[in-house]
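Participant: Here's a structure for you.
2 protein chains.
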Amino acid sequence: MEGAKGSETVLSELESAIETVVENYNKYSAKENLLRKGGIKKSNFKRMLQSELSHMLTDTTKKEAVEKLFQDLDQNRDGVIDFDEYWALIGSIVKPIARDKQ
Amino acid sequence: MEGAKGSETVLSELESAIETVVENYNKYSAKENLLRKGGIKKSNFKRMLQSELSHMLTDTTKKEAVEKLFQDLDQNRDGVIDFDEYWALIGSIVKPIARDKQ
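Those protein sequence lines, which keep their order, are chains A and X. In terms of full-length UniProt numbering, the first sequence is residues 1 to 102. In terms of full-length UniProt numbering, the second sequence is residues 1 to 102.
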């Protein structure tokens with residue numbers, strides 16, 4: 001992204017929020033070793049839901065739905081969720097919130 | 001989302017960021033009149049990019065790319081971007097950032 005994001009740039013609220021969502025992905029997809037493929041593995045994914053989405057996702061059925069989502073998203077069955085899959089997943093969790101607020 | 005989000009709930013950083021991205025959608029998709037279909041119409045979409053994404057999207061070619069994105073996303077040619085399309089769009093703008101940070 002060829003943004004003019006020098007250190008003195010003050011991001012908008014939306015941009016800072018987007019960065020937070022990206023940084024969260026990076027936090028949970030950190031590669032323990034360089035051999036492992038980037039992406040969020042299931043154990044980190046579950047930890048992420050519990051520590052980062054515990055209010056938006058309190059409903060255990062929803063968590064089971066997320067388990068199923070993990071399977072659905074992990075199309076190539078490589079056991080990790082890449083950024084696109086992560087973004088689509090957050091979107092699917094959030095969508096009901098967007099509808100509630102309209 | 002059947003979250004236990006009472007007023008006293010303190011959202012995680014990720015959850016607050018997600019709410020900000022959702023609220024931004026609602027801000028730009030507000031219906032001037034009840035007849036109009038919900039969603040972000042093009043004029044509001046351009047205004048959103050200029051005022052909310054001016055750092056992440058300074059490259060005019062990128063803005064033209066976004067014009068194209070708007071056309072690509074607005075599959076049903078109804079002139080508005082619904083929440084799914086908005087979410088996918090933000091993801092596509094953000095993806096290079098996620099890659100840069102890895």
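Yeah, the Cβ is synthetic: ideal placement off N, Cα and C, and Gly gets one too.
Examine the Cβ distances between the region 39 to 55 of chain X and the region 37 to 55 of chain A and report whether three or more of them are shorter than 8 angstroms.
Facilitator: No, because fewer than three Cβ pairs between the region 39 to 55 of chain X and the region 37 to 55 of chain A fall closer than 8 angstroms, the two stretches do not touch.
Participant: For Phe83(A), which residues of its own chain have a beta-carbon under 7 angstroms away from its beta-carbon, when the five flanking residues on both sides are left out?
Facilitator: Position 83 of the first sequence, counted from the start, is the residue given in the question as residue 83(A). Tyr25.
Participant: Under a three-way DSSP split, which group does Val80(X) fall into?
Facilitator: The residue labelled residue 80(X) in the question sits at position 80 within the second sequence. It is a strand residue.
Participant: Name the chain A residues whose beta carbon is nearer than 7 angstroms to that of Asn24(X)?
Facilitator: Counting from one through the second sequence, the residue named residue 24(X) turns up at place 24. Leu14, listed in chain order.
Participant: Quick check on Leu89(X): does DSSP put it in helix, strand or coil?
Facilitator: Residue mapping note: residue 89(X) aligns to position 89 of the second sequence, counting from 1. Helix at Leu89(X).
Participant: At what residues does the alpha helix (DSSP H) containing Ser43(X) begin and finish?
Facilitator: Within the second sequence, the letter at position 43 stands for residue 43(X). Lys42 to Glu52 is the span of the alpha helix (DSSP H), which, as asked, contains Ser43(X).
Participant: Quick one: list the residues of chain A neighbouring Glu52(X), beta-carbon separation under 9 angstroms, in chain order.
Facilitator: Indexing the second sequence from 1 puts residue 52(X) at position 52. Simply Ser12, Glu13, Leu14 and Glu15.
Participant: Between Ala88(A), Ile18(A), Asp78(A) and Tyr28(A), which lies nearest to Phe45(A) when the distance is taken from Cα to Cα?
Facilitator: Along the first sequence, one-based indexing puts residue 45(A) at 45. Of the listed residues, the one whose Cα sits closest to Phe45(A) is Tyr28(A).
Participant: Return yes when the Cβ of Ser92(A) is within less than 8 angstroms of the Cβ of Leu57(A), no when it is not.
Facilitator: Position 57 of the first sequence holds residue 57(A). Position 92 of the first sequence holds residue 92(A). No.
Participant: Within 10 Å of its beta-carbon, does Thr60(X) have 16 or more other beta-carbons around it, so buried, or fewer, so exposed?
Facilitator: What you label residue 60(X) is simply residue 60 of the second sequence in a count that begins at 1. The predicted model places Thr60(X) with a pLDDT of 49, which falls under 50 and marks its position as unreliable; any figure quoted below should be read in that light. Thr60(X) should be labelled exposed.
Participant: Of all the CB atoms in chain A, is at least one closer than 8 angstroms to the CB of Phe83(X)?
Facilitator: If you number the second sequence from 1, residue 83(X) lands on position 83. Output row for Phe83(X): interface = yes.
Participant: How about Gly91(X): is its C-beta nearer than 8 angstroms to some C-beta of chain A?
Facilitator: The sequence position of residue 91(X) within the second sequence is 91, counting from 1. So yes, Gly91(X) belongs to the interface.
Participant: Listing by chain order, which chain A residues have their CB less than 8 angstroms from the CB of Ala98(X)?
Facilitator: The residue given as residue 98(X) occupies position 98 in the second sequence. Correct list: Val22, Tyr25, Asn26 and Phe83.
Participant: Restricting to Cα atoms, I'd like to know which of Ile97(A), Ala98(A), Gly38(A) and Glu64(A) is closest to Tyr86(A).
Facilitator: Indexing the first sequence from 1 puts residue 86(A) at position 86. The shortest Cα separation from Tyr86(A) among Ile97(A), Ala98(A), Gly38(A) and Glu64(A) belongs to Gly38(A).
Participant: Against Lys95(X), what residues of chain A qualify as contacts under a CB-to-CB distance less than 8 angstroms, listed in chain order?
Facilitator: Mapped onto the second sequence, residue 95(X) falls at position 95. Neighbours of Lys95(X) on chain A, chain order: Phe83, Asp84 and Trp87.
Participant: Which residues of chain X have a Cβ atom closer than 9 angstroms to the Cβ of Ile18(A), listed in chain order?
Facilitator: The residue you call residue 18(A) lines up with position 18 of the first sequence. The answer, in chain order, is Ala17, Thr20, Val21, Leu53, Met56, Ile90, Ile93, Val94 and Ile97.
Participant: Please confirm whether Val21(X) and Val22(A) have their CB atoms less than 8 angstroms apart.
Facilitator: The residue you call residue 21(X) lines up with position 21 of the second sequence. The residue you call residue 22(A) lines up with position 22 of the first sequence. No, these two residues do not count as a Cβ contact at 8 angstroms.
Participant: State buried or exposed for Glu13(X), treating a residue as buried only when at least 16 other CB atoms are found within 10 Å of its CB.
Facilitator: Numbered from 1 along the second sequence, position 13 holds the residue referred to as residue 13(X). Looking at its Cβ environment, which holds fewer than 16 other Cβ atoms inside 10 Å, Glu13(X) is exposed.
Participant: Would you report the Cα separation of Ala88(A) and Asp74(A), rounded to the nearest angstrom?
Facilitator: On the first sequence, residue 88(A) is found 88 positions in, with the first residue counted as 1. On the first sequence, residue 74(A) is found 74 positions in, with the first residue counted as 1. Their Cα atoms are separated by approximately 12 angstroms.
Participant: Looking at C-alpha atoms only, which residue of Lys42(X), Pro96(X) and Ile97(X) is the closest neighbour of Asp78(X)?
Facilitator: By 1-based counting over the second sequence, the position of residue 78(X) is 78. The residue with the shortest Cα to Cα distance from Asp78(X) is Lys42(X).
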